[in-house]
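In the numbering used here, the protein residues as written are 1 to 129.
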């Protein structure tokens, strides 16, 4: 089973901002200083985006490559797949996703009014959701 990564959608004010990052790009990528130690296991996995303390979308990881300056590119498929929101703390850089990833939303599926991430995390700890 491939490994998944998480990354905060820094600068995104809404989900539409994340979508705009992918609009018209043939090969989106994420630049990072350090390549993941388990990078080979991440190919075929996904990069999950964190927005407002929730995992909200994912992009399949297609590969890794190094730039002339020594930085690494995490190469992604040019599609953004919405997932059922799952509470997730913000962090710097990328991290491996531990546990079961959230399921993809079906075409036309409405998530309704999703709880804010912090509130959902507290209710989850109490066993209420």
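Backbone N, C-alpha and C define an ideal beta-carbon position, used for all residues, glycine too.
Where residue i falls: helix, strand or coil (DSSP)
i	result
residue 96	strand
residue 34	coil
residue 16	helix
Chain-order list of residues whose beta-carbon lies under 8 Å from that of residue i (same chain, five-residue window excluded)
i	result
residue 113	Note that residue 113 has pLDDT 49, beneath the 50 cutoff, so the model's placement of it is unreliable and the number below is only indicative. Result list for residue 113: empty, nothing under 8 Å.
residue 19	80
residue 83	48, 55, 56, 57, 58, 101, 102, 103, 104 and 105
Residue range of the beta strand (DSSP E) that includes residue i
i	result
residue 84	81-87
residue 23	Premise fails: residue 23 is in no beta strand (DSSP E) and is neither H nor E.
Nearest-angstrom beta carbon gap, residue j and residue i [assumed within contact, 8 Å]
i	j	result
residue 16	residue 51	Between residue 51 and residue 16 the Cβ distance is about 11 Å, and since that is not below 8 Å, they are no contact.
residue 75	residue 93	About 17 Å; that fails the 8 Å criterion.
residue 45	residue 78	About 17 Å separates the two Cβ atoms, so there is no contact after all.
residue 30	residue 95	The pair is not a contact, with the Cβ atoms about 13 Å apart (cut-off 8 Å).
Host alpha helix (DSSP H) of residue i (start-end)
i	result
residue 9	That residue, residue 9, is in no alpha helix (DSSP H); it is neither H nor E in DSSP.
residue 43	It is not in any alpha helix (DSSP H) - residue 43 carries neither H nor E in the DSSP assignment.
Validate contact between the segment 100-107 and the segment 65-79 using beta carbons, cut 8 Å, 3 pairs: Contact fails: fewer than three Cβ-Cβ distances are below 8 Å.
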